[in-house]
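What follows is a set of notes on a single structure, which appears directly below.
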Amino acid sequence: MQTEIKILSKEIEHEYQNLLDNSDSALFSHSLKFKNFLSSILEDSKDRYLCLYINGELEAAVPIFIKYTGLGSVVNSLPYYGNHGGIIRKSQNIDSVDINQLLLNAINDLCEEINALSCTLVESPFDSNEYYQSFGANLYDERVCQVVHLPKIHEANSYDDMLLHSFHQKTRNIVRKSFKGEFTVRHDDKESTLQTLHEIHTQNILAIEGKPKKWSAYKAIKENFLYDEDYRVYYASKAGEVVAALLVFYFKETVEYFTPVIKKEYRSQQPLSLLIFQAMRDAVLEKKMSRWNWGGTWMSQKGVYHFKSRWGSVDYPYKYHIKTFKNLNYLKSIGTEELLSEFEDFYIYPFN
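One gets the working numbering by counting positions in the sequence shown from 1 and adding 4 to each.
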């Protein structure tokens with residue numbers, strides 16, 4: 005058996021795409037377009053996707069971004085708000101321990117080569133964390149991915165009722181209430197719509213003392229993705245005012261719930277729930293999607309977890325596998341604020 009690790013380049017992108025098409029664990033965050041998106045918004049970083057060839061065939065890969073600073077470098081698979089990375093394999097090789105070990109060895113070699121402070125692998129929720137046991141992680145973090153398996157179409161005319169009845173009764177009532185709000189629901193590719201979404205997003209996140217995504221990230225969406233093929237921006241308006249919006253992405257059979265926003269004075273009227281329902285409906289009837297991925301939820305986010313679960317979600321727990329290459333006391337001595345500033349958008353280690 006001949007093995008070789010290649011760094012992803014333009015010349016082998018078609019082979020990487022074929023790998024994605026044939027991998028059950030590949031998600032939107034593994035895609036080439038998302039790689040280009042990250043490259044355009046992450047400062048002082050470099051992608052280094054490791055591709056494993058066996059007997060001349062691309063059998064597996066691991067997407068990696070490296071953040072370089074004056075303090076050192078940090079490796080993530082993948083960075084930016086906890087995106088999934090980890091190893092992707094051709095489906096027929098899903099149980100191959102050798103493949104995993106070869107790539108884990110390559111990751112460790114890369115970390116030694118660049119003298120990394122830490123490396124974090126965020127596994128796919130549709131994977132098994134057994135694949136990462138030999139990585140040698142000394143720290144872990146946990147999340148739960150909540151996924152709605154969207155009802156299959158029987159008759160388009162009856163799909164609304166079918167979808168509604170897949171929700172918890174209280175969510176069903178909330179959606180029905182939103183129908184009565186006299187909102188106009190549309191989606192479009194105007195930059196002004198994205199700008200409005202970003203403005204409301206910033207207000208929402210600052211209100212809970214969080215870190216909003218930058219406008220440059222939303223601007224990069226239009227530069228790296230195709231509207232209606234890769235994403236949509238839904239919005240609900242009333243009397244000409246946009247009161248809620250929702251950004252979703254499409255990849256293979258999965259819809260990715262990316263950015264939901266709502267003006268606080270309209271929360272009780274549930275326009276965001278109306279947008280979620282409409283986006284779910286369109287995903288099946290227009291896009292032939294079968295999964296709605298709410299994304300990762302922290303174990304401490306009880307309210308968020310409860311909200312997502314009532315839409316009929318199934319839980320897929322997953323782990324962050326973190327390996328620190330410097331003494332943990334050294335990292336702590338730098339201080340949380342400086343680390344977060346230097347390694348913006350990257351995961352370093354669990355501060356708690």
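Even glycine gets a Cβ: it sits at the ideal position worked out from N, Cα and C.
- Non-local C-beta neighbours of Pro129 in its own chain, meaning closer than 6 Å and more than five positions away in sequence, comprise Cys149, Tyr320, Tyr322, ordered along the chain.
- In the structure shown, Gly307 falls within a helical segment according to DSSP collapsed to helix, strand and coil.
- DSSP lists Leu250 as the bridge partner or partners of Pro264.
- Take Arg314, set aside five residues on each side of it, and the residues of its chain with a beta-carbon closer than 8 Å to its own are Phe171, His172, Lys174, Thr175, in chain order.
- Leu278 and Lys267 have their C-alpha atoms spaced approximately 14 Å apart.
- Counting other Cβ atoms within 10 Å of its Cβ, Ala283 reaches 16 or more and is therefore classed as buried.
- When the alpha-carbon of Glu348 is set against those of Leu154, Tyr85, Lys37, His310, the nearest one is in Tyr85.
- Per DSSP, reduced to three states, the secondary structure at Arg180 is helical.
- Taking 9 Å as the cut-off, the Cβ atoms of Asp286 and Tyr231 do not count as close.
- Nearest to Val66 by C-alpha distance, out of Phe350, Glu186, Leu46, Leu108, is Leu108.
- Our two residues, His34 and Ser27, have alpha carbons roughly 11 Å apart in a direct line.
- Partner residues in the beta bridge of Trp302, as assigned by DSSP, are Arg147.
- Judged by their CB atoms, Tyr324 and Arg93 are not nearer to each other than the 9 Å cut-off.
- Per DSSP, His169 lies in no alpha helix (DSSP H) and is assigned neither H nor E.
- Going by C-alpha positions, Glu47 is about 13 Å away from Ser77.
- Shown here, Ala141 sits in coil according to DSSP, grouped into three states, outside any helix or strand.
- A straight line joining the alpha-carbon of Tyr270 with that of Thr340 spans about 36 Å.
- Look at Arg314 here: in three-state DSSP terms it is coil, with no helix or strand label.
- Here the alpha carbon of Ser317 sits roughly 14 Å from the alpha carbon of Glu260.
- The beta carbon of Leu210 is closer than 8 Å to those of Pro216 in its chain, skipping five residues each way along the sequence.
- Annotated as distal: Tyr53 and Ile70, with beta-carbon spacing of 9 Å or more.
- Ranked by Cα distance from Gly140, the options Thr328, Tyr351, Lys336, Phe350 are led by Thr328.
- The C-alpha of Leu12 is placed about 9 Å away from the C-alpha of Asp51.
- A straight-line Cα-Cα distance of about 47 Å links Gly214 and Gly60.
- Rounded to whole angstroms, the separation of the alpha carbons of Trp219 and Lys291 is 28 Å.
- When secondary structure is reduced to three states using DSSP, Ser44 falls in the helix class.
- Here Ser122 is near Leu335, since their CB atoms are less than 9 Å apart.
- Beta-bridge pairing by DSSP links Arg236 to Val252.
- As DSSP reads the structure, Lys50 sits in a beta bridge with Ile70.
- In its chain, beyond the 5 residues on either side, Leu62 have a beta carbon closer than 6 Å to the beta carbon of Glu19.
- With a contact defined as Cβ atoms closer than 8 Å, Leu125 and Gly90 qualify at about 5 Å.
- Rounded to whole angstroms, the gap between the alpha carbons of Glu233 and Tyr254 is 7 Å.
- Bridge pairing for Cys123: Val79, Lys327 [DSSP].
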